[in-house]
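Counting in the numbering used here, the sequence shown runs from 1 upward without gaps.
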Amino acid sequence: MKLILINYSMSSKSLLFSHQREIALALSSHFDHTFVITGEEGIDLNPNNISIFNTNWTAGKNLRNVIRFYLVTVRLIFKNRKDAIVLCHMTDVQASLISGVCKFLRMRSYLWYAHKSPSIYLRFSALFLTGIFTSTPGSCPLKGRKVHPIGQAVKSFSSIPREMQISDPPLSWYHIGRLDPSKRIEDIVLALENFRKEFPDISLHIYGKASSLETEEYAIQLMNRFSTNKYIDWVIFHGPISNSSLSEISIKHDGFIHAFQGSLDKTLVEAAMLKRIIVSANPEFSLEFEGVKQAPEQEISSILKSKLEEVFKQDQDHKLQVLERNYKIAIQRHSMESWVRNFTSQVLVAKK
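Structure (structure tokens):
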């Protein structure tokens, strides 16, 4: 069985999509050959059973993108229509372009989609797709027999400290992610500010940058707001970091704090794998890791404040037990190995 994988990038240096290369490599060992149709090719060496086709997908050049995508993709899927499946990885636009063609050729096609926000491309392609894979039941706006939750696909870290070095009380907090409005960085800062009277050494380290030109203005305003005298001593903006430095940076801090309201964020699973304290207002994290269903009417600031109060009241032994529990859930349900196993067991068994 062959795999035709459609993604955004095969570059290990991509700040947003470096994990797409990792998934392509992980999947390739389960298929006779993997063809990757990507919008950005890396310069890394690839195994012999991977062939890469670069469409140079460029934002804003819609007609050119579609024409080039069809020229590359249709020829490839027609040639391999009898013994290949198609997986669109985070590429709902491309899925909407090609899923109908796959249906016509009687090829199985799948989409990985882990966003709570509905997409017109998702809804259209769902008419033709064989299946839609997502991380958790609440991480896809569509429901039904076509939707399969299989975890988050986070690569396990090779070096995790044997002894979990967490200060008591936890004073060094960090956030990793895009500086976009959806990340609600303001709520995070204001939530921690409530506790600085009791714990004046609290600090917040923010790693990331705006994801697009549209959100650049928001990021600038955010940094200006929290670079005034009131915040400059304890709110620190570090800029983006590479995936290779994630582990080293994370273990310098005690806790990861997070307010995104969408699907289960990859950064939450990474923090759990690195055995950091996690305070999050993310409803999917609360359900998946804490077994608690958040009330939709709750304010984000009150959720963060309540969870911070709980953390500061817990004794150290209880904190360490929670870290261990979160670590086990992350590894068992959301590791790369678990994701690949769940995906391949469904698509390869389905063929038989």
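Using N, Cα and C, we set each Cβ at its ideal position, and we do this for glycine too.
The three-state secondary structure of A210, taken from DSSP, is coil. A distance below 8 Å separates the beta carbons of K2 and D32.
Contact between the segment 228 to 239 and the segment 258 to 266 is absent, with fewer than three C-beta pairs closer than 8 Å. Under the three-state reduction of DSSP, H318 is assigned to helix. A check of alpha carbon separations from N62 across K82, D44, D83, G39 identifies G39 as the nearest. It is roughly 5 Å from the alpha-carbon of M10 to the alpha-carbon of E41.
A straight-line Cα-Cα distance of about 19 Å links S212 and H175. For F124, the three-state secondary structure derived from DSSP is helix. Fewer than three pairs of CB atoms, one per stretch, sit closer than 8 Å, so the segment 331 to 346 makes no contact with the segment 290 to 308. Contact check for L192 and I202: beta-carbon distance about 6 Å, within the 8 Å limit, so the pair qualifies.
In this structure, DSSP gives I300 a helical state, which the three-state scheme calls helix.
With a 10 Å radius around the Cβ and a threshold of 16 neighbouring Cβ atoms, S117 comes out exposed. Note that the segment 109 to 126 touches the segment 140 to 150; at least 3 beta-carbon pairs, one per stretch, sit closer than 8 Å.
Between the segment 270 to 288 and the segment 251 to 262 there are three or more C-beta pairs closer than 8 Å, enough to call the two in contact. Under the criterion of beta carbons closer than 8 Å, T55 and V74 do not qualify as touching, at roughly 12 Å. For the options S12, H318, Y70, the alpha carbon positioned closest to that of N46 is the one of S12.
Check the Cα spacing between K209 and each of I185, M107, I37, T136: the tightest is with I185.
In this chain, the beta strand (DSSP E) harbouring P149 covers 147 to 149. Of the residues K319, I220, T58, F133, the one whose Cα lies closest to the Cα of R178 is I220. For A26, the CB contacts under 6 Å within the same chain, skipping 5 residues up- and downstream, are M336, V340 in chain order.
The Cβ atoms of D180 and Y218 lie closer than 8 Å to each other. For W112, the pairing in a beta bridge is given by DSSP as H89, F133.
Apart from the 5 residues on each side of it in sequence, L16 sits with its Cβ closer than 7 Å to the Cβ of S211 in its chain, given in chain order. Linking Y110 to S29 through their CA atoms gives a straight-line distance of about 19 Å. In this model, P149 and M90 are separated by some 14 Å (Cα to Cα).
For the pair V154 and V269, the CB atoms are nearer than the 8 Å cut-off.
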